[in-house]
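Peer 1: The structure that follows is given in the form of structure tokens.
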Amino acid sequence: MKTISFDDFLKVELRVGRIVSASVFKEARKPAYVLHVDFGEELGVKKSSAQIAALYQPEELIGRLVVAVVNFPAKQIGPLMSECLVTGFHDENGDVALCVPDRPVPLGTRLL
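Here UniProt numbering is used: the first residue of the sequence shown is 1, the next is one more, and so on.
What follows is the structure in structure tokens.
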């Protein structure tokens with residue numbers, strides 16, 4: 001494992017957002033959803049492609065808090081311009097479980 005400095009860590013903007021919509025990303029090569037995530041007044045709503053279809057249904061995602069990287073450059077994924085990276089962990093089957101706060105926190109709060 002390569003080590004990084006604390007200054008390197010501070011460059012990554014990990015923020016809390018609330019999923020406001022989730023739909024099947026039909027054009028994705030692997031099963032995925034298009035998520036719209038609200039990061040509060042400062043950052044607004046950003047779009048993301050998330051390969052979380054194995055463990056979640058779109059309707060159960062609405063209203064959930066997630067942690068996402070919000071300062072990567074936008075990335076074209078098929079017809080979608082992804083504006084943030086929603087974070088998660090692979091389980092023993094390789095499916096992605098979302099990284100989520102265990103208590104309510106204000107939208108846009110930065111992970112430190």
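Virtual Cβ for every residue (Gly too), placed ideally from N, Cα, C.
Please name the residue, chosen from 54, 99 and 49, that lies closest to residue 14 on a Cα-to-Cα basis.
Peer 2: Along the sequence shown, one-based indexing puts residue 14 at 14. The residue with the shortest Cα to Cα distance from residue 14 is 99.
Peer 1: List, from N- to C-terminal side, the beta strand (DSSP E) runs of 3 residues or more that fit wholly inside the UniProt domain "TRNA-binding" (8-112).
Peer 2: Within the UniProt domain "TRNA-binding" (8-112), the complete beta strand (DSSP E) runs of at least 3 residues are 14-24, 33-38, 45-50, 65-69, 75-77, 80-82, 88-90 and 96-98.
Peer 1: For the 8 Å Cβ check, are there 3 or more pairs between the region 50-58 and the region 70-80?
Peer 2: In short, these stretches do not touch, since the Cβ pair count stays below three.
Peer 1: Within 10 angstroms of the Cβ of residue 54, are there 16 or more other Cβ atoms? Answer buried if so, exposed if not.
Peer 2: Within the sequence shown, the letter at position 54 stands for residue 54. Label assigned to residue 54: exposed.
Peer 1: Pick out whichever of 95, 8 and 61 has its Cα sitting closest to the Cα of residue 18.
Peer 2: As a working note, residue 18 is residue 18 in the sequence shown. Nearest of 95, 8 and 61 to residue 18, Cα basis: 61.
Peer 1: Thinking C-alpha only, which one of 78, 81, 77 and 66 is nearest residue 104?
Peer 2: The residue you call residue 104 lines up with position 104 of the sequence shown. Selected option, being the one with the closest Cα: 66.
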